[in-house]
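A short worksheet on the structure shown next.
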Amino acid sequence: MMGSSPGWELLEHHTYLETLWIGYCNDLTQVPESIRSITSLRQLRITRCRTLGALPEWLGELCSLRYPEVSWTPMIPILPQSIGNLTSLTNLKIIGWDNLKLLPDGMQACSTSPPLKNLELKYCHALAELPECIGQLYALRRLFIDSCSALQGLPQSTQRLTALHSLFISNCPALARRYKQGVGPDWHLISHIPHVEMYPLED
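Take 835 as the starting number for the sequence shown in the working numbering and just add one per residue.
See below:
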């Protein structure tokens, strides 16, 4: 659904819906309550809704949701704690959240079955740290961090991510220095990861 959509209430009649894309709704200030009843929803993509101020706590009630992607929503400051209640969650993409500073501790619950396997954080310029509970995402296989310039380091618990197969870091200067292969002061935290890519490389 794109642009101004006065018929949001019609969504509550589509309880069988599995995929929903909401984009370019410049007057949207909150996620429509009618989505709450779509318990079959597997993929939710929200993009370019620049006045959207928050994600609702009831998001955690969407028990079938596996692939949420929220991008270019600069007003949202934090993920809801209920993200950990998404028992079907396997992939999470957060892109272009200018005000995001922290991820919720509730993410540790994303280790339940089926567990979170892919996490992407891109263009979150205010994100200063990742929570230690990241280390409890025991099935996480891919971590992608791009253009999170305020991020100074990865949590110590990263070394407990024994299933992590791929780590991609791009345009994060502090991370490039700290985790440079073989010589960075915190390289040991990620040395167990089979596939590590880091750009740009520090001299």
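Don't be surprised by glycine CBs; every beta carbon is placed ideally from N, CA and C.
Asked                                                                                                                                                                        : Found
How is the alpha helix (DSSP H) around L854 delimited, first residue to last?                                                                                                : Counting along the chain, L854 falls outside any alpha helix (DSSP H), though it belongs to the beta strand (DSSP E) covering T853 to G857.
Can you grab the Cα-Cα spacing for the pair V1017 / P989, in whole Å?                                                                                                        : 18 angstroms
Closest to R870 by CA distance: which of I929, W892, V1030 and Q986 is it?                                                                                                   : W892
Please report the straight-line C-alpha distance between T921 and S1025, rounded to a whole angstrom.                                                                        : 30 angstroms
According to DSSP, V1017 sits in a beta bridge with which residue or residues?                                                                                               : DSSP lists no partner for V1017.
Across which residues does DSSP place Q877 in a beta bridge pair?                                                                                                            : T853 and Y901
What's the C-alpha gap between T885 and I929?                                                                                                                                : 15 angstroms
Just to confirm my understanding: we take D939, look at its own chain, exclude 5 residues before and 5 after, and list those with CB closer than 8 angstroms. What are they? : Q915, P965 and C967
Report buried or exposed for W931, applying the criterion of at least 16 other Cβ atoms within 10 angstroms of its Cβ.                                                       : buried
Going by other Cβ atoms of all chains shown within 10 Å of its Cβ, with 16 needed for buried, is L844 buried or exposed?                                                     : exposed
With respect to the alpha helix (DSSP H) encompassing L1009, which residues constitute its N-terminal and C-terminal limits?                                                 : P1007 to R1012
How would you call N860, buried or exposed, if buried means at least 16 neighbouring beta carbons within 10 angstroms?                                                       : exposed
In angstroms with no decimal places, state the Cα-to-Cα distance between W855 and R876.                                                                                      : 11 angstroms
Could you check whether L950 and L977 sit closer than 7 angstroms to each other, using their CB atoms as the reference points?                                               : no
Under 7 angstroms, do K927 and E963 count as touching if we go by C-beta distance?                                                                                           : no
Does the beta-carbon of K956, which I'm using as the reference point, lie nearer than 6 angstroms to any heavy atom of the ligand ADP?                                       : The ligand ADP is not among the ligands present in this structure, which contains no ligands whatsoever.
On a CA-only basis, which of D1020, L1023 and Y1013 is nearest E1031? Give me that one, please.                                                                              : Y1013
Indicate the three-state DSSP secondary structure (helix, strand or coil) for S871 in the structure shown.                                                                   : helix
Near T881, which residues of its chain fall below 7 angstroms by C-beta distance, leaving aside the five closest residues on each side in sequence?                          : G857, S905 and W906
Quick one: what's got a C-beta closer than 6 angstroms to N925's C-beta in the same chain, skipping five residues either side?                                               : Y901 and N952
Helix, strand or coil for D932 per DSSP?                                                                                                                                     : coil
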